[in-house]
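Structure first, commentary second.
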Amino acid sequence: GNESAKSSALSITTLKVPDTTAPSIPQGLEADNIAQTSMEMAWAASSDDTGVTGYKVFRDGTQIATVTTTSFSDSSLSPETTYSYQVSAFDEAGNESAKSSAISVTTLEVPDTTPPSVPQELSADNITQTSARLTWEPSTDNESFGGYKVFRDGELIGTVENPLFNDFSLSPGTTYSYQVSAFDTSNNGSAKSVALAVTTLEEDINEAPVLEDMSQKIIHEGEFISFIISAIDPDNDPLVLTVTLEGGAPLSSIGAEFIDHGDGTGTFSWTPSFDQGDLEYELELSVSDGELSDAGSMVIAVMDVDIEAPAVPQGLRVDDVTQTTADIGWIASTDNIAVTGYKVFRDGDHIATVETPSFSDASLAANTTYSYQVSAFDAEGSESDKTAALSVTTLKEPDTIPPSIPQGLEADNITQLSARLTWEPSTDNESFGGYKVFRDGVLIGTVENPLFNDFSLSPGTTYSYQVSAFDVSNNESAKSSAISVTTLKAPDITPPSIPQGLEADNITPASVELAWVASTDDEGVTGYKVFRDGDHIATVETPAFGDSSLSPETTYSYQVSAFDEAGNESSKSAALSVTTLKVPDIASPSVPQGLQAGTITETTATLSWEASSDNVGVTGYKVFRNGSVVATITGTSYADQSLEPDTTYMYQVSAFDAENNESAKSLSIEIKTLPLEEDLPCEEVIGEGNFNGCYYNNEDLTDLRVERVDEKINFDWGYGRPHPDVSSSRFSVSWTGRFLFEDGSYTFDIDVNDGIRLYIDGELILNKWERQRYTQHYMVVKKMTPGHHVIKVEYYDYVSSAVAKVDWMKSSDPENEKLMVDNADDEFSVTGFWSKGTYYKGYIGSNYSYNAAGYGNDVAKWDLSVVKSGKYQVFASWAGRKNHATNAKYEIFNMGSIQHPPAVNQQESPAGQWYSLGVYDFTTGPVIVTLSDDANGYVVADAIKLVPIE
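Take the numbering used here: the final residue in the sequence shown is number 1705, and no numbers are missing along the way.
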C-alpha cells in the first residue's frame, strides 16, 4: 500500500483541427475618386474563424493585385473605359471566399480643349430704326458644338445655338459694332469674328404742338382782364390758335374777344358786365399745325363783392415725411363766392400762403415733432378760423456708414475663358445690400453673396480684380485689395517653322556632323527630331547632331523636324544626302567563274557568269572580246549586240571594285555567230506573241539603230534612252506583233509622252502624233474577231521624259444593259489621287469624287454598256462650287470611236442634277466615259447615265 511520489509533470498540446473554413465574402464594394486613368475602391472587412489574411482584387475577371487592407487604388486604366471589379478574401490556411458582387466603373473622358473655328462672313440685314438681324457661316468643332456668343460694342448681349441673331433693342440713327464667337459644350471659346459696323435708320417724326397751361383767372364784375394764350411746336410749324366758350359757343356771346397773332400767341380780353357776376366761364383752347393738334381749357371766375369768410378747412393730414420735409394736405374749403387761398401755421407761426389745399415744408429738422394748422381766405380778405392742430414728427437721419471692406479675395476654377472669385463676407451697421465686382477698374457685376463667376475672359490674359460692399442706403465701402488672375493659355497648335539650311560636315567612313538654322515658334522651340532614311534616330535641343553609327561608302538621307513644348511638330526639312567615305581597299575581287554563252544570233551573243566576291564589294565587270574590253557592266550577264554574222569570237571577264582593284581574267570561252539569213526591213518583221521593236535615232522613224524583241510595251525611260545607240532626247520606235484575240470588245489603254499611232490589222485606230508636255492617257474600245491580229504601235520622243505604255484587256460583253454608273459603283474607277466628298450638295448617291487641277495624269472612268445600237444622250452629274473648274473635260469611248464633248463649267450644279454632254451614236458593247484633272480648278466625278433616243 506504499505509493511513491508523482513523477515530474509532462505538458502535451494537441494538434489544431485543420482550418477549412473560408472567410466571408467581401461586402459593400464601392468606387471613389474616379479619374481618367485611375480609381480608388474600398469594401467592408470580411470575417473568418481564425482571421482574414488578405484580399485578392480582380479587374474584368483577372486578378490584378493582393492587398492586406480593405482598399485598393488602380492607376493603370484608360480614359472613357468601363471596367468590372470584384474582391475575394483569404486566410492563412489559403481558404478563399467566393468573389464579391461585381461593380462597374467607367473612367472619365479626356477633356476637350480645342475651341470651335472662328465664325466667318458676319453680315447684317433687315435693318430698321430699332432692330437688325445678324447672320454668319456656321463654325465647326472637333467634338460637340455648343453655340455662339453675340457682342455689341464689346459687350455680350446674347447666346444662340444657330448662326442667326435678331437685336431689337437699338436706337435710331446709331452705329453699332458687332462680333460673334463660337463655343462648344466643354466651354472652349473661339476668338471673336471680324467686327461688323451696323447703322440703324434715322427717326423721322412730326411732333405735335403743345398748349401752355393756363391757370384759373378770378375777376370782379366790371373789371377788365387781358392775358396771353400761347403754344409751342417742336418742328416750328405754323400754328393756328382758337378760343371758344364751353360747347363751342363764340366769345362774342359774353362780350369777350380773342386775337390770334399768327406766331403761336394770342390775346384774350374781356370786361364782364354787372349781371355776369357769381359765375364761372370755361374757355376751350385749341392749337393745330395743320396735321397734329393739342387742346386744353381754363376757367374765368367772375365774383360779386364778398364779405363772408370761407368755411374752416377740414381733414388736415400728413402725406409724406422725410428727415427735413413734410407734405400736408386738407379738404378744400367752401365760400359764398370762391376761396382764394390758405394760410399755413407751424407751431402757431404763419409760415406760408398757398392757393391749393396742400403744402410742402422743406425747412425742418430730423427726428423733430411739429404742430400744423391751416385757415382759408377769399378775395376780399375774409379769413376762416384755424383748423385743429396736426402733429408731425420727421424721420431720423439717414444711414451714412458703409459696410466693411471685403477681405480674403481669391480666385479658383480658372480656365481659358473664366474664373471664379470668392471673399469673406462684409459687415454693416444696419442693412447690408451686396457687392460690386471690378475687373481692371471697371464695374462688371453686382452680387448678393461673396461669390462671382466671370465667363467673359480671353485665354492667356492677366486681369486685376477688386470688390466693394454696399448697404441698402447705397453706402459703399472702399475697394478690396486687388488680386491678379491669369487665364489659362489657349492650346498651342502652331508648329515651329521647318528647319532650313541642313548641312553636313566632317564626313568620315563611320560618322558625320549635321547642322541647320534654328527654327522659330510662337511659344518657343523645344527641340529637334533627326531622321535618317526616314527613321527617327535622335532628339536634340540645339540645331546640331553628330551621327557616329554609319557604314563606310553608304549614302544616307537626313531630315530634321522641329517641335515645341505642346508637342506641335513641323514638317520635315528638305532631305540632305550624305555619303560616307570608304575604307581604303587594296584587295582585288575573286576571278569570275562559270563564264558561258547563252542565246547566239547572227549579230548578238549573251554571256553570263557567277558573281565574284570582294572584301568590300564588287563594283562591276569588264568584258573582253578577243582580248579587248568591249563593255564595263555591274551585272553578271552581258548581251553583245555588235557582232558580225558567221564569225568566231573569244570572251573573258574580270571583276573590279570601287578602288579599281581588278581580278585576273576568267578562263576564256569561244562562240561563233549564226550565218546571215535573208534580211527583211525591220518593220516587216512581225513578232509572234511579242513585239519586234525597231529603234530609230530621230523622231521620224528613220536612221534605224537597234532591232530587238520586246515582250510588251511598258517603258518609262525618264530622261534616259532605250539603248546606247539611240539619242536620249530625240528618238522613235516602231513595234509590230501578232497576237491571238477572242471574239468580243477590247479596251486599249495607252500612256504616252509625245507622239503615238496605233494600228490594228493596218487600220489606223489612234493618231496622236504630236508633242506633249506631260504624260497623256488615251483609251480605245475596239470590237475584235476571233483569231490573230497584227498590232502596230509607232512612237516618238522629243526632249522630254520618255514614256510609252500600251496594253489591252477584253471588255465584259453586257448581259444586261448598264445605263447608269455612280462613283460609288464597282463600274467606277480612278487613276491618281481622288478624294470622296459630301459637303457640297447636289450629288447623286452617297458621295462624290473630286481632284485638284492637274495635267491630265489623274483620270476618273465610268464603264457603261448598251445592248442595242442607236442614238443615246449622255448625262453627267456633279456638285457645284466656286472653286471648281470651268473647263472640265469629258471623253466618251465606244467601239473604236472617241467623242470629245465641249468642256463644262462645274462651278454651278446642273439644273435637275443632270447636265447633257450631247447625243451620240453607240454600237452594242462597252461605253466608257472619262474625266481628267486637266482643268483650271477642282474637277468633280459623280454619276453618268445614258438615255436612249427613240
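By construction, the Cβ of each residue, glycine as well, lies at the ideal position given by its N, Cα and C atoms.
key: Counted within 10 angstroms of its Cβ, other Cβ atoms place H1639 as buried (16 or more) or exposed   = The residue given as residue 1639 occupies position 884 in the sequence shown. The residue in question, H1639, is buried, as its Cβ has 16 or more Cβ neighbours within 10 Å.
task = Just the C-alpha distance for W1589 and G1609, rounded to the nearest angstrom, thanks.
result = One-based indexing of the sequence shown puts residue 1589 at position 834. One-based indexing of the sequence shown puts residue 1609 at position 854. Taking the straight line from one Cα to the other gives about 12 Å.
request  = Can you tell me which of the three DSSP states I1699 falls into?
outcome  = In the sequence shown, counting from the first residue as 1, residue 1699 sits at position 944. Strand, per DSSP.
message = Taking the alpha carbon of K904 as the reference point, which residue from A1666, Y933, T895 and T885 has its own alpha carbon closest?
response = Your numbering for residue 904 matches position 149 in the sequence shown. The residue with the shortest Cα to Cα distance from K904 is Y933.
task = Check each candidate in Y838, S843, T954 and S828 and name the one with the smallest Cα separation from Q884.
result = On the sequence shown, position 129 is the one that residue 884 refers to. For Q884, the nearest C-alpha among the options comes from T954.
query = What does a CB cutoff of less than 7 Å around S1584 pick up in its chain, not counting 5 residues either side in sequence?
reply = Here the question's residue 1584 lines up with position 829 in the sequence shown. Around S1584: K1616.
query = Given D1082, which residues of its chain have a CB within under 6 Å of its CB, disregarding the five upstream and five downstream residues?
reply = Numbered from 1 along the sequence shown, position 327 holds the residue referred to as residue 1082. So the qualifying residues of the chain are D1074, D1075 and S1115.
Where V1695 falls, given that 16 or more other Cβ within 10 Å makes a residue buried = Along the sequence shown, read from residue 1 onward, the residue named residue 1695 stands at position 940. With 16 or more other Cβ atoms within 10 Å, it is buried.
ask   = What residue from R1380, A1237 and D1504 has the CA that sits closest to L1398's CA?
value = Position 643 of the sequence shown holds residue 1398. Measuring from the Cα of L1398, the nearest candidate turns out to be R1380.
task = Ignore the nearest five residues each way along the sequence and tell me which others in P1569's own chain have a CB closer than 6 Å to its CB.
result = Residue numbering aside, residue 1569 sits at position 814 when the sequence shown is read from its first letter. Note that P1569 scores 47 on pLDDT, short of 50, meaning its location in the model is unreliable and no value can be drawn from it.
query = How many angstroms separate the CA atom of I1156 from the CA atom of V1227?
reply = The residue you call residue 1156 lines up with position 401 of the sequence shown. The residue you call residue 1227 lines up with position 472 of the sequence shown. If you take the alpha carbons of I1156 and V1227, they lie about 11 Å apart.
task = Could you tell me if E1433 is buried or exposed, where buried requires 16 or more neighbouring beta carbons within 10 angstroms of its beta carbon?
result = Taking the sequence shown and counting its residues from 1, one reaches residue 1433 at position 678. Note that E1433 scores 49 on pLDDT, short of 50, meaning its location in the model is unreliable; the coordinates nonetheless yield the value given after this. Burial call: exposed.
key: Secondary structure of A1066, DSSP reduced to three states   = The residue given as residue 1066 occupies position 311 in the sequence shown. Note: A1066 maps to coil in three-state DSSP.
request  = Note down the Cα distance separating T1297 from C1449, rounded to an integer number of angstroms.
outcome  = Position 542 of the sequence shown holds residue 1297. Position 694 of the sequence shown holds residue 1449. Distance between the alpha carbons of T1297 and C1449: 59 Å.
inquiry  = Relative to the C-alpha of N1184, which candidate in Y1218, L1243, S1232 and L1212 has its C-alpha closest?
reply    = Walking along the sequence shown from the start, residue 1184 turns up at place 429. The option with the nearest alpha carbon to N1184 is S1232.
Stretch pair the stretch 831-851 + the stretch 801-815: three plus CB contacts closer than 8 Å = With the rule of 3 Cβ pairs closer than 8 Å, the stretch 831-851 counts as touching the stretch 801-815.
V1197 and P1254 closer than 9 Å at C-beta = Here residue 1197 refers to the residue found at position 442 when the sequence shown is read from its first residue. Here residue 1254 refers to the residue found at position 499 when the sequence shown is read from its first residue. Contact: no.
query = Quick one, which of G1673, F845 and H1544 has its alpha-carbon nearest T775's?
reply = The residue given as residue 775 occupies position 20 in the sequence shown. Nearest of G1673, F845 and H1544 to T775, Cα basis: F845.
Contacts around S1566, its chain only, beta-carbon distance under 6 Å, and the 5 residues preceding and following it disregarded = Along the sequence shown, read from residue 1 onward, the residue named residue 1566 stands at position 811. Once the five neighbours on either side are set aside, the close Cβ partners of S1566 are S1500, T1502 and P1681.
inquiry  = When you compare the CB positions of T1706 and A1120, do they come within less than 9 Å of one another, or not?
reply    = Look at the range of the chain in this structure, 756 to 1705, and you will see that residue 1706 is not part of it.
request  = Please list, in chain order, all residues of the same chain as E758 whose beta carbon is under 7 Å from its beta carbon, the five residues on each side excluded.
outcome  = As a position in the sequence shown, residue 758 is number 3, starting the count at 1. Closer than 7 Å at the Cβ level, and outside the excluded window around E758, lies no residue.
Euclidean distance between Cα positions of A1072 and L1145 = Along the sequence shown, read from residue 1 onward, the residue named residue 1072 stands at position 317. Along the sequence shown, read from residue 1 onward, the residue named residue 1145 stands at position 390. Checking the displayed sequence, the identity of residue 1072 turns out to be Arg instead of Ala. A straight-line Cα-Cα distance of about 7 Å links R1072 and L1145.
message = What does DSSP give as the partner residue(s) for N1602 in the beta ladder?
response = Residue mapping note: residue 1602 aligns to position 847 of the sequence shown, counting from 1. Per DSSP, none; premise fails for N1602.
key: C-alpha gap between I1248 and E1320, whole angstroms   = Taking the sequence shown and counting its residues from 1, one reaches residue 1248 at position 493. Taking the sequence shown and counting its residues from 1, one reaches residue 1320 at position 565. Distance between the alpha carbons of I1248 and E1320: 11 Å.
key: L1172 versus L1212: straight-line alpha-carbon distance, rounded   = Translated into positions along the sequence shown, residue 1172 becomes position 417. Translated into positions along the sequence shown, residue 1212 becomes position 457. Going by the C-alpha atoms only, they are around 4 Å apart.
message = Would S1409 and E1454 be called neighbours here (beta carbons separated by less than 9 Å)?
response = For the purposes of this step, residue 1409 is taken as the residue at position 654 of the sequence shown. For the purposes of this step, residue 1454 is taken as the residue at position 699 of the sequence shown. No, Cβ-Cβ distance for S1409 and E1454 is not below 9 Å.
ask   = Nearest to A1066 by CA position, among W891, T1217 and A1093, is which residue?
value = By one-based count along the sequence shown, residue 1066 stands at place 311. Of the candidates W891, T1217 and A1093, the one whose C-alpha sits nearest the C-alpha of A1066 is A1093.
message = Mapping the DSSP letters down to three states, classify L956 as helix, strand or coil.
response = Residue mapping note: residue 956 aligns to position 201 of the sequence shown, counting from 1. In the structure shown, L956 sits in coil (DSSP, three-state: anything other than H, G, I, E or B).
inquiry  = By alpha-carbon positions, which one of R907, P773, P834 and M796 ends up nearest to A848?
reply    = If you number the sequence shown from 1, residue 848 lands on position 93. Nearest option by C-alpha distance: P773.
Alpha carbon of T1095 to alpha carbon of P989, nearest angstrom = Position 340 of the sequence shown, counted from the first residue, corresponds to residue 1095. Position 234 of the sequence shown, counted from the first residue, corresponds to residue 989. Cα to Cα, the separation comes out at about 36 Å.
task = Grab me the residues of S1113's own chain with a C-beta within less than 6 Å of its C-beta, minus the 5 sequence neighbours each way, in chain order.
result = In the sequence shown, residue 1113 corresponds to position 358, counting from 1. Answer for S1113: G1084, listed in chain order.
query = In three-state terms, what does DSSP make of S1007?
reply = The count along the sequence shown starts at 1 and reaches residue 1007 at position 252. If DSSP states are grouped into helix, strand and coil, S1007 belongs with the helices.
message = For the pair the stretch 1505-1515 and the stretch 1661-1669, tell me if three or more CB-CB distances fall below 8 Å.
response = The stretch 1505-1515 is not in contact with the stretch 1661-1669.
ask   = DSSP three-state call for G1289: helix, strand or coil?
value = For the purposes of this step, residue 1289 is taken as residue 534 along the sequence shown, with counting starting at 1. In the structure shown, the three-state DSSP call for G1289 is coil.
ask   = How many Å lie between D1412 and K1420 at the Cα?
value = Looking up residue 1412 in the sequence shown gives position 657. Looking up residue 1420 in the sequence shown gives position 665. Approximately 14 Å, taken between the alpha carbons.
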